[in-house]
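Student:
Numbering (this note's numbering), first residue to last: 502 to 622.
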């Protein structure tokens, strides 16, 4: 559990809301759920940086959604899909009551960015 704090970053969305990007204690990597202790730290850092890029610079969350956000949990590390050959990961956006209200499919192809809203844990 000590590693969780090493792979997090606070970012500002839409120049207002500060949100923590964190790696979950168990993430999906190469189709298997693994504890983060079993994963190369470079992969964990790269995932945090990629998610920051999408959230801050591509603004995939609306200003209203960003205002509600408290944490963004990375639940699936970057991997290349066998189907479309794109690199992507999955994150969950959580509010102050620990309710997951959006899941993001983060990919290098801007046309493939997907946001599923209204999901619950």
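Every residue, glycine too, gets a C-beta built ideally from N, C-alpha and C.
None of these values were measured; they are calculated from a predicted model.
Once you ignore the five residues that flank residue 527 on each side, which residues in its own chain have a CB closer than 8 Å to its CB?
Tutor: Only 534, 535, 536 and 537 meet the Cβ criterion.
Student: With 16 other CB atoms within 10 Å as the buried threshold, where does residue 551 fall?
Tutor: By the 10 Å Cβ count, residue 551 comes out buried.
Student: How is residue 557 classed by DSSP in three states: helix, strand or coil?
Tutor: Helix, per DSSP.
Student: Per the DSSP calculation, residue 538 is bridged to which residue(s)?
Tutor: DSSP output for residue 538 lists no bridge partner at all.
Student: What are the boundary residues of the beta strand (DSSP E) that residue 525 is part of?
Tutor: Counting along the chain, the beta strand (DSSP E) containing residue 525 begins and ends at 518-530.
Student: How should residue 620 be labelled, buried or exposed, when 16 other C-beta atoms within 10 angstroms of its C-beta is the threshold for buried?
Tutor: Confidence in residue 620 is poor, its pLDDT being 47 and thus under 50, which makes the residue's placement unreliable; the coordinate value appears in the next sentence. Looking at its Cβ environment, which holds fewer than 16 other Cβ atoms inside 10 Å, residue 620 is exposed.
Student: Distance check for residue 511 and residue 521, CA to CA, integer angstroms please.
Tutor: If you take the alpha carbons of residue 521 and residue 511, they lie about 4 Å apart.
Student: In whole angstroms, what is the alpha-carbon distance linking residue 596 and residue 605?
Tutor: C-alpha separation (whole angstroms): 14 Å.
Student: Within the same chain, show all residues whose beta-carbon is closer than 7 Å to that of residue 577, passing over the 5 residues directly before and after it, in chain order.
Tutor: Closer than 7 Å at the Cβ level, and outside the excluded window around residue 577, lie 528, 529, 590 and 591.
Student: Please report the straight-line C-alpha distance between residue 523 and residue 540, rounded to a whole angstrom.
Tutor: Whole-angstrom Cα-Cα distance: 15 Å.
Student: Check this for me: beta carbons of residue 635 and residue 555, under 8 Å apart or not?
Tutor: Nothing can be reported for residue 635, as the shown portion of the chain is limited to 502 through 622.
Student: Just to confirm the assignment, what range does the beta strand (DSSP E) spanning residue 603 have?
Tutor: Per DSSP, residue 603 belongs to the beta strand (DSSP E) from 601-608.
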